[in-house]
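In this note's numbering, the protein residues as written are 11 to 106.
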């Protein structure tokens with residue numbers, strides 16, 4: 011009952027634009043990586059992975075949707091505001 015996605019590219023993932031270039035992904039992957047990861051997870055559960063073959067199409071669709079939305083919301087609703095807040099705070103501190 012645990013799903014994990016791990017990619018190791020020898021440090022290229024420290025910068026999302028480099029990551030997108032190395033894996034020959036779209037520019038969108040470099041700018042909005044977690045949207046692309048969420049979409050990949052959704053499509054993998056919905057159609058790609060044989061793990062879910064026993065489930066109905068509807069169950070696979072909703073499982074993929076929930077997983078994709080979970081990834082998207084974790085980053086863009088929980089982490090991203092903190093990242094932006096940190097950047098704003100650092101820019102204010104530097105000006106002082």
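Glycine is no exception: its CB is placed at the ideal position from the N, C-alpha and C atoms.
Please read all numbers here as calculations on a predicted model, not as lab measurements.
Grab me the residues of residue i's own chain with a C-beta within less than 8 Å of its C-beta, minus the 5 sequence neighbours each way, in chain order.
| i | result |
| --- | --- |
| residue 81 | 44, 47, 48 and 51 |
In whole angstroms, what separates the C-alpha of residue i from that of residue j?
| i | j | result |
| --- | --- | --- |
| residue 55 | residue 97 | 35 Å |
| residue 74 | residue 68 | 10 Å |
| residue 66 | residue 78 | 18 Å |
| residue 103 | residue 91 | 18 Å |
| residue 99 | residue 70 | 42 Å |
Shortest alpha-carbon distance to residue i belongs to which of the options?
| i | options | result |
| --- | --- | --- |
| residue 72 | 86, 89 and 57 | 57 |
| residue 41 | 95, 101, 76 and 86 | 86 |
For residue i, collect the residues of the same chain with a Cβ closer than 6 Å to its Cβ; drop the 5 residues on either side in sequence, then sort them by chain order.
| i | result |
| --- | --- |
| residue 60 | none |
| said: List, from N- to C-terminal side, the alpha helix (DSSP H) runs of 4 residues or more that fit wholly inside the stretch 34-87. | reply: Every alpha helix (DSSP H) stretch that sits fully inside the stretch 34-87 and reaches 4 residues is listed by chain position as 37-41, 43-53 and 67-83.
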